[in-house]
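Protein chains: 2
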Amino acid sequence: MKQYQAAIIGYGNIGRYLLEAIAAAPDFQLAGVVRRPQTVKERPLELKEVPVVTALSELNQVDVAFLALPTRLVPQSAPEVLAMGINTVDSYDLHGELAKYRRDLDQVAKAHGRTAVISAGWDPGTDSILRCLFQMMTPRGITYTNFGPGMSMGHTVAVKAIPGVKDALSLTIPLGTGLHRRMVYVELEAGADPQMVTTAIKEDPYFRHDETIVQFVPDVQELIDPGHGVLLERKGSSGLTPNQLLRFEMRINNPALTAQVMVAAARAGFKQPPGCYTMIELPPIDYLYGERERIIEKIV
Amino acid sequence: MKQYQAAIIGYGNIGRYLLEAIAAAPDFQLAGVVRRPQTVKERPLELKEVPVVTALSELNQVDVAFLALPTRLVPQSAPEVLAMGINTVDSYDLHGELAKYRRDLDQVAKAHGRTAVISAGWDPGTDSILRCLFQMMTPRGITYTNFGPGMSMGHTVAVKAIPGVKDALSLTIPLGTGLHRRMVYVELEAGADPQMVTTAIKEDPYFRHDETIVQFVPDVQELIDPGHGVLLERKGSSGLTPNQLLRFEMRINNPALTAQVMVAAARAGFKQPPGCYTMIELPPIDYLYGERERIIEKIV
Numbered sequence: 019m020k021q022y023q024a025a026i027i028g029y030g031n032i033g034r035y036l037l038e039a040i041a042a043a044p045d046f047q048l049a050g051v052v053r054r055p056q057t058v059k060e061r062p063l064e065l066k067e068v069p070v071v072t073a074l075s076e077l078n079q080v081d082v083a084f085l086a087l088p089t090r091l092v093p094q095s096a097p098e099v100l101a102m103g104i105n106t107v108d109s110y111d112l113h114g115e116l117a118k119y120r121r122d123l124d125q126v127a128k129a130h131g132r133t134a135v136i137s138a139g140w141d142p143g144t145d146s147i148l149r150c151l152f153q154m155m156t157p158r159g160i161t162y163t164n165f166g167p168g169m170s171m172g173h174t175v176a177v178k179a180i181p182g183v184k185d186a187l188s189l190t191i192p193l194g195t196g197l198h199r200r201m202v203y204v205e206l207e208a209g210a211d212p213q214m215v216t217t218a219i220k221e222d223p224y225f226r227h228d229e230t231i232v233q234f235v236p237d238v239q240e241l242i243d244p245g246h247g248v249l250l251e252r253k254g255s256s257g258l259t260p261n262q263l264l265r266f267e268m269r270i271n272n273p274a275l276t277a278q279v280m281v282a283a284a285r286a287g288f289k290q291p292p293g294c295y296t297m298i299e300l301p302p303i304d305y306l307y308g309e310r311e312r313i314i315e316k317i318v
Numbered sequence: 019m020k021q022y023q024a025a026i027i028g029y030g031n032i033g034r035y036l037l038e039a040i041a042a043a044p045d046f047q048l049a050g051v052v053r054r055p056q057t058v059k060e061r062p063l064e065l066k067e068v069p070v071v072t073a074l075s076e077l078n079q080v081d082v083a084f085l086a087l088p089t090r091l092v093p094q095s096a097p098e099v100l101a102m103g104i105n106t107v108d109s110y111d112l113h114g115e116l117a118k119y120r121r122d123l124d125q126v127a128k129a130h131g132r133t134a135v136i137s138a139g140w141d142p143g144t145d146s147i148l149r150c151l152f153q154m155m156t157p158r159g160i161t162y163t164n165f166g167p168g169m170s171m172g173h174t175v176a177v178k179a180i181p182g183v184k185d186a187l188s189l190t191i192p193l194g195t196g197l198h199r200r201m202v203y204v205e206l207e208a209g210a211d212p213q214m215v216t217t218a219i220k221e222d223p224y225f226r227h228d229e230t231i232v233q234f235v236p237d238v239q240e241l242i243d244p245g246h247g248v249l250l251e252r253k254g255s256s257g258l259t260p261n262q263l264l265r266f267e268m269r270i271n272n273p274a275l276t277a278q279v280m281v282a283a284a285r286a287g288f289k290q291p292p293g294c295y296t297m298i299e300l301p302p303i304d305y306l307y308g309e310r311e312r313i314i315e316k317i318v
């Protein structure tokens, strides 16, 4: 019953967990992994038996490609993959730009008769579905998305780019009502000025608007764990009735959940007409493995 | 922009709150309320300006009918309404029978080119969507649905049917891991035997499998409030990663939420091809009022 042949493009954090999520899915089979020429010769143990190539075209029969690339590279890669007649799934996470990305990719997907599911992860992704549900249940009110505690990839990368920083970790700490504290742990280069680094971090656009605490540590790596979480809260009105209280909370391994959601999104992608979809546009049942009637009996 | 003309069939608890949810929705307008001949002459204040009739056919142009009837009457009413070329939405809540009801109604809906959204409420309904999401995020694991504290309509009706019971209230108290205590408050008829009533309740199929505590009170009505709640919990694995913790909790006015969800389901029904749908089969975005692109920009 392994009916879908899947390729992983990119082999960072998400790529590694995609390998596991694909292995655990009854309906997906790994066709291979696409890596950059510089890294294609590296063979970690888990890739020993896996075709590893530098171009998707080197793999036989691929039905869907998971774009496990840095987010900014995704909008360039997706149209190329779709043009090869292969569905795509990505976890593009720039909230402000995904609506435009979707419009552009929708035309490409339709032109090639394939589907693309974009921004499939937990935020954007499953959190988006929850925000949709919360709004539908209580059309008037405010939803607060509180992230963490957990590591923010974007913020961490921003700190690492600052001169004098050898290694860094930016943790997101929820303060409630959608506000966050940034706890930044920095390992300095020899001779770097802590005060200058602190100022550079606090003035960075990623940090400027949030409470930011910078601490210097001898070893950043020992602080890193992939645990993350979110708390979605809403107090709203159903019809004319106020004070309806909704709350979703999760504590998760971040890349493991993202990879799992991407596999579910790929499954849903195969069930749609050609086009580009965000997760809120797909019927929840389509994400699940199994026979439709049995799912309805068991889950509804 | 009030483009959908809606009828409410039945005017109990849910019907009253549907009146408010329809009034609050920018895209729905109330065409009228259908009541039984015995009650059609009653005119509570909020129905003074509303057409109240004894048959749906007496109303001009109805696009969708909300079946706010006792659950067991719903499967008979829905096909009749669809045959009139009118969409239906119900909150049919017999979990064990809804899959069959859906299959039967699907043929009727398709034959008349209309849509039916069934079991639209919070359980079945929005809880079903959450169970779907939880399973997609962590395909292996156990989801516990913990209801309450809140009034159970089904259990309350069962107690009221026992000889010697003048009035009753059955509260559902969550004990965790999907188990529940039933707290039953009973107002006895003059001369009734408390011990016989207690035994009859505890032996009733609704109560036999749960811890059940019966208490006798002088006035049941002063104990009744429509507050309810649920806690959905899951610990599961994403791919090969265990210990992913998911949790949804809400505290709500029960009929107000049900009515609001039914209005959202009606909106989604207008966007589907003919057929019968449970809520997990509809894209979450379709439940929302507003322009698709704006919703994606704002919510995803």
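As given, the protein sequences belong to chains A and B, one line each in that order.
Residue numbering for the first sequence follows our numbering, beginning at 19 and increasing consecutively.
Residue numbering for the second sequence follows our numbering, beginning at 19 and increasing consecutively.
Idealized CB from N, CA, C, for every residue including glycine.
Keep in mind the model is a prediction, meaning the values are calculated, not measured.
Contacts of residue i in chain B (Cβ-Cβ under 7 Å)
i                     : result
residue 28 of chain A : Simply none; closest approach about 17 Å.
Cβ neighbour criterion (16 or more within 10 Å) applied to residue i
i                      : result
residue 76 of chain A  : exposed
residue 129 of chain B : exposed
residue 211 of chain A : exposed
residue 242 of chain B : exposed
residue 80 of chain B  : buried
residue 272 of chain A : buried
residue 103 of chain B : exposed
residue 198 of chain A : buried
residue 160 of chain B : exposed
residue 262 of chain A : buried
residue 194 of chain B : exposed
residue 57 of chain B  : exposed
Any C-beta of chain A under 8 Å from that of residue i
i                      : result
residue 166 of chain B : no
residue 315 of chain B : yes
residue 64 of chain B  : no
residue 204 of chain B : no
residue 67 of chain B  : no
residue 142 of chain B : yes
residue 51 of chain B  : no
residue 10 of chain B  : Absent from the model: residue 10 of chain B. The displayed extent of chain B is 19 to 318, so no value can be given.
residue 207 of chain B : no
residue 120 of chain B : yes
residue 248 of chain B : no
residue 318 of chain B : yes
residue 39 of chain B  : yes
Proximity test, Cβ basis, 8 Å: residue i and chain B
i                      : result
residue 109 of chain A : no
residue 294 of chain A : no
residue 311 of chain A : yes
residue 139 of chain A : no
residue 201 of chain A : no
residue 154 of chain A : yes
Contact set between residue i and chain A, taken where Cβ atoms lie within less than 7 Å
i                      : result
residue 117 of chain B : 311, 314, 315
residue 169 of chain B : What residue 169 of chain B touches in chain A: nothing, since even the nearest Cβ is about 16 Å away.
residue 151 of chain B : 144, 147, 302
residue 251 of chain B : Those do not exist, as residue 251 of chain B stays about 10 Å from chain A at its closest Cβ, beyond 7 Å.
Chain A contact residues for residue i, given Cβ-Cβ distances below 8 Å
i                      : result
residue 95 of chain B  : None at all; the shortest Cβ gap to chain A is about 20 Å.
residue 177 of chain B : Those do not exist, as residue 177 of chain B stays about 27 Å from chain A at its closest Cβ, beyond 8 Å.
Partners in chain B for residue i, counting only beta-carbon separations shorter than 9 Å
i                      : result
residue 334 of chain A : Coverage of chain A is limited to positions 19 through 318, which leaves residue 334 of chain A absent and any answer about it impossible.
residue 42 of chain A  : 157, 158, 255, 256, 257, 258
residue 214 of chain A : None at all; the shortest Cβ gap to chain B is about 38 Å.
For residue j and residue i, believed in contact at Cβ under 8 Å, the rounded distance
i                      : j                      : result
residue 175 of chain B : residue 202 of chain B : With 8 Å as the limit, residue 175 of chain B and residue 202 of chain B do not qualify as a contact, their Cβ atoms being about 12 Å apart.
residue 189 of chain B : residue 172 of chain B : Contact flag wrong, Cβ pair sits at about 13 Å.
residue 27 of chain A  : residue 116 of chain A : In fact, because the Cβ distance is near 19 Å, the residues do not count as touching under 8 Å.
residue 136 of chain A : residue 162 of chain A : No, residue 136 of chain A and residue 162 of chain A are not in contact; Cβ-Cβ is about 25 Å, not under 8 Å.
residue 96 of chain B  : residue 89 of chain B  : With a Cβ gap of about 12 Å, residue 96 of chain B and residue 89 of chain B do not count as contacting.
residue 305 of chain A : residue 154 of chain B : 4 Å
residue 281 of chain B : residue 40 of chain B  : 6 Å
Chain B contact residues for residue i, given Cβ-Cβ distances below 8 Å
i                      : result
residue 126 of chain A : Those do not exist, as residue 126 of chain A stays about 17 Å from chain B at its closest Cβ, beyond 8 Å.
residue 134 of chain A : Per Cβ cutoff of 8 Å: no residues; residue 134 of chain A is ~14 Å from chain B at best.
Residue i CB to nearest heavy atom of the ligand NAD below 7 Å
i                      : result
residue 246 of chain A : This structure simply doesn't include the ligand NAD, nor any ligand for that matter.
Cβ-based contacts, 7 Å cut-off: residues of the stretch 277-306 of chain A near chain B | Under the 7 Å Cβ criterion, the stretch 277-306 of chain A contributes 277, 278, 279, 282, 296, 298, 299, 300, 301, 302, 303, 305, 306.
Could you name the residues of the stretch 263-275 of chain B whose beta carbon sits closer than 7 Å to any beta carbon of chain A, in the order they occur along the chain?
-> Within the stretch 263-275 of chain B, the qualifying residues are 263, 264, 265, 266, 267, 268, 269, 270, 271, 274, 275.
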